[in-house]
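Engineer:
Residue numbers (mature numbering (1 follows the signal peptide of the UniProt record, and there is no 0)): -31 to -1, 1 to 59.
#1: Could you give the DSSP three-state label for residue 10: helix, strand or coil?
#2: Just verifying my parser: in three-state terms, what is the DSSP assignment at residue 33?
#3: Is the beta carbon of residue 36 closer than 8 Å to that of residue 14?
#4: For residue 64, name the three-state secondary structure that DSSP assigns.
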């Protein structure tokens, strides 16, 4: 019994350490982005993207929902996974 609880606690320590390292590294990677990045590099990017998306939606109504779903799964699910992982470990 003692070996089981010892291996369980050591695996929890490894998982918590891994999760903390993951949070630290992802935090430093996202720190390079800024909301005004395209204002100087390509000031017309938002207008261009908006016109392309509007054109695509006018051709196919479902594309708006598809783009929203794509954005959700690419951006928010990965962040939520880390927090759920942390809740389950702790």
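All residues carry an ideal CB built from backbone N, CA and C; glycine is no exception. The model shown is predicted, which means the values in this text are computed figures rather than measured ones.
Structural biologist: On the basis of the supplied data:
#1: By one-based count along the chain shown, residue 10 stands at place 41. Three-state DSSP puts residue 10 in a helix.
#2: One-based indexing of the chain shown puts residue 33 at position 64. Three-state result, residue 33: helix.
#3: Your numbering for residue 14 matches position 45 in the chain shown. Your numbering for residue 36 matches position 67 in the chain shown. No, the Cβ-Cβ distance between residue 14 and residue 36 is not below 8 Å.
#4: Nothing about residue 64 can be reported from this structure: the residues present for the chain run from -31 to 59 only.
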